[in-house]
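Residue numbers (the numbering used here): 1 to 743.
Even glycine gets a Cβ: it sits at the ideal position worked out from N, Cα and C.
Predicted model only: the values in this text are computed from it and were never measured.
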Amino acid sequence: MDERKRSAPGRLGNDSKRIKREDSDLSVKDEEGATDKQLRERNAALREALQEKNRRIDFLEQKCSDLFGDRHKTSMRLQTVLNSWSILLKTLHTLVPDSSKDIERDIKAQGDLDGQPLPVDIKCELDEWFLSGTEPTLDVKDEDAGSWKNENAFTKAWVESVLSKFSGKDEPDALKRAVDAMQRAESDLLACQDKLQVYKRQVRELKQDLNKKEAERHAACRRYDRSVHQQTAVKETASTSNGAAHQSTGNSHELHQTVDKLQTQLKEANEMLEKALAETRKAKTMEYEIRQSMESMEKLHEEKIEHMNEQLASTKEALQKLKYKSKDIEAHMHEKWEKKVSKSAADNHKLKAKLDEAMIKNADLRLRLTTFSAYKDQFSDYKVLNASLEQELAGTKQQLEHARSKHIKFEKFHEHAITSANESEINHLLTQLRDCQASLEALQNDIKHPELSKATEREAAARRELETLKIKLMETEKKCVALADESEAKQDIMATHEEEINTLVAEIEAVAKEAENVRTQLNKTMTKLSDRDASLAKVNAALFKAEQKNSSNFEELAGVRLQVASLVALQKTQKTLEAGLQETLKLKEEELESLREHVKNIEKLKTGVEKEKINYAREIKIVKQTYTLPRSSDAPSVDQKAPCEQCEVYKRQEEERNEKLRVARASGESGEMSEIERYELLEARKKLNCSVCQDAPKEVMISKCSHMFCKKCMDDNLKARNRKCPTCKKMFGQDDVKAVWWT
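Okay, structure coming up:
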């Protein structure tokens, strides 16, 4: 009976151990399933984060390639414009030689044209103008560079914060929240900057007003001093005038008037001074209020900056965690680079098409420039023709004036000659008639006179003289007719000369109109060139900004590539660790199977030993009964036999074994731990550690879901505004986190 009682608790202990082992196996399986589920969720979150990161990298690369293409296009356009500008300068130098100082004077001196004045922009030196168009743009000021650096740092911090927010399932919500927070911060910062600029401008205006009021106050003080000085002088004059009042009553009246005027001026000066003092007090109060508001705004701005710095630090920490938790990037990188190669090929094709278009445009511009140069050559030829025609016109004008003067002189001479010849001939003929009449009278008298022969001779002589006079008269008439014909021919020549002069004047007017048209076209071209210079300056500024953005984007891309490389290295190390862990797990599983078989064999042996033990106990009881029965029946005088030594040894061994079993059952562990017990101990310790960091012990519990974590992980999640449980994704607040103590 005693042995049965002893064996009964042993069986119960063995059964309880089996139940505990089965429970532990079930709990291990549940934990393995939970850990597998967590790993799957974590891998899914990491895949989504990596997809978002790849999308961001693709966007940045597309932006960089677009900026690179735009830069090349703008550089090509700039080169074409500079080439056309150099060609235009060369043509202008050939058209107007020595045109480095005063182009307008040179053009006027060469063409003798008093047209519209040239634009003011041409009066600068062409060498400096060309250098200003061809030299590269200067660097941006340090303030602009600092602002660009600050903006670059801000964008980097924002990218890191966005990447850090992609570690959970609520990536779009986190992204939206981050973008909204960034936009709000930017709007607040811009509003603060605008207010600060307005306050600075108001302070500047108030300072200017204060300076003006101070100047007015000083002027009023000077006027007041002058009036006081004049009043004292007037009082002195009044005291002297009282002694001599009986001499100058009129002077005293004038002095009273001046004193009244000075008093009124003094009152006005005092009023002006009081107004100026009141305005200065108002300005000082306004300045004090503005300073207080500016100080409050600066404090708010500093607080916002500190808050943003804290957020930046938290995002950096979250990014580092994301780096350590990233996996499976190789396939994504392969797909990403395939997409990049296809995109680069498409971009190259687009760039080639754009280059062809630019070459066609360049050819059109060259054709236009050649036509423009030919037109300039024609304009120079027209200038030379204009100068020669003007010289011919001046010569023809001089010849015309000389011919007109000759014609006038000839007409006067002709008229004078005709009148003088006619008068002389008429007078001569009249004298001859008188002589003839006298001779006739004499002849008649002579006829009456006996000397008739003398009269006939005289008559014959008179007739001869009449014939000669008639011949001379005919010759003079012929000469007059010839002179009239010559004058008509000269008049015809003058008419032809006048027609030629009119045609020359019309041609000169046409050439002058063409020169004016060319001048207007030159003015238009010069205005276009000035517009091109302005556009070139704008393009250079845009190029510089694009280069800065491109460099910042390249820096971001380099940083992202470094991050990707580090993540790839981490992935490789994690893969190697996973492979090693899988191998160790396989070995451990094999060891566990062997241990389970060994345990089964031991349990079988144990059951056999227990059965043998029960049989031995029964036999011992029977033997004891057999020994005790005859002794009880025998007489008491018979001595009891002492037990044998072998039985005592067996009894001691059995007692020692029972004692060891009892101690082992009481303590729950043996002297040397087996592999199964060691594995169970490690699993139990893992349960006590935090499931997020796997290092620190569990110190905090979420009251809503009763999951336990370490305090550091919970503080990091609360700082990052991640209010979801890492295991069950249930929302919780800061008040739901409760401390736990192990006892």
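- Taking 7 Å as the cut-off, the beta carbon of C710 is found closer than this to the beta carbon of C690.
- Sorting E48, A34, R56 and S75 by C-alpha distance to the C-alpha of E547 places S75 at the top.
- With a threshold of 16 other beta carbon atoms within 10 Å, N386 meets it and is buried.
- No Cβ-Cβ contact shorter than 7 Å links S84 with L536.
- Per the C-alpha coordinates, the member of Q208, W741, L585 and S703 positioned closest to K730 is S703.
- The Cβ atoms of A45 and A318 do not sit closer than 7 Å to each other.
- Per DSSP, the unbroken alpha helix (DSSP H) holding K711 starts and ends at K711 to K719.
- In this structure V203 is in contact with E287, their Cβ atoms being roughly 7 Å apart against a cut-off of 8 Å.
- By the Cβ test, the segment 67-81 is in contact with the segment 530-544, since at least three Cβ pairs between them sit closer than 8 Å.
- Counting other Cβ atoms within 10 Å of its Cβ, C693 stays below 16 and is therefore classed as exposed.
- K724 carries a strand assignment under DSSP once its states are collapsed to helix, strand and coil.
- Of the residues assessed, M474 falls on the exposed side of the cut-off, its CB having fewer than 16 other CB atoms within 10 angstroms.
- Linking V564 to L365 through their CA atoms gives a straight-line distance of about 48 Å.
- One thing to note: L389 has its Cβ no nearer than 7 Å to the Cβ of I501.
- Counting other Cβ atoms within 10 Å of its Cβ, S227 reaches 16 or more and is therefore classed as buried.
- In this chain, K698 is not harboured by any beta strand (DSSP E), its DSSP state being neither H nor E.
- Looking at the DSSP output, M731 bridges to K724.
- In the DSSP assignment, N689 is bridged to P697.
- Remark: fewer than three beta-carbon pairs, one from each stretch, lie closer than 8 Å, so the segment 398-413 and the segment 505-519 are not flagged as touching.
- M708 counts as buried, since no fewer than 16 other beta carbons sit within 10 angstroms of its beta carbon.
- If you ignore the 5 residues before and after D736, its C-beta comes within less than 6 Å of the C-beta of I702, S703 and K704, all in its own chain and listed in chain order.
- When only Cα atoms are considered, I620 and K611 end up about 14 Å apart.
- The beta carbons of V539 and L78 sit about 6 Å from each other, so the pair counts as a contact at 8 Å.
- For V737, the uninterrupted beta strand (DSSP E) segment begins and ends at V737 to A739.
- Here V560 is not near I87, since their CB atoms are 7 Å or more apart.
- Of the candidates K586, K213, S487 and L529, L529 places its Cα closest to the Cα of L82.
- Closest option to G395, judged by alpha-carbon separation, among E477, H497, Y375 and S566: H497.
- Pairing A220 with M297 gives a Cβ-Cβ distance that is not under 7 Å.
- Classified as buried, F732 has 16 or more neighbouring CB atoms from the shown chains inside 10 Å of its CB.
- Cβ atoms of A278 and D209 stay farther apart than 8 Å, at about 13 Å.
- Check the Cα spacing between E41 and each of T727, T573, E52 and Q432: the tightest is with T727.
- Rounded to whole angstroms, the separation of the alpha carbons of W742 and E699 is 8 Å.
- Contact annotation: L504 and L393 have beta-carbon atoms nearer than 7 Å.
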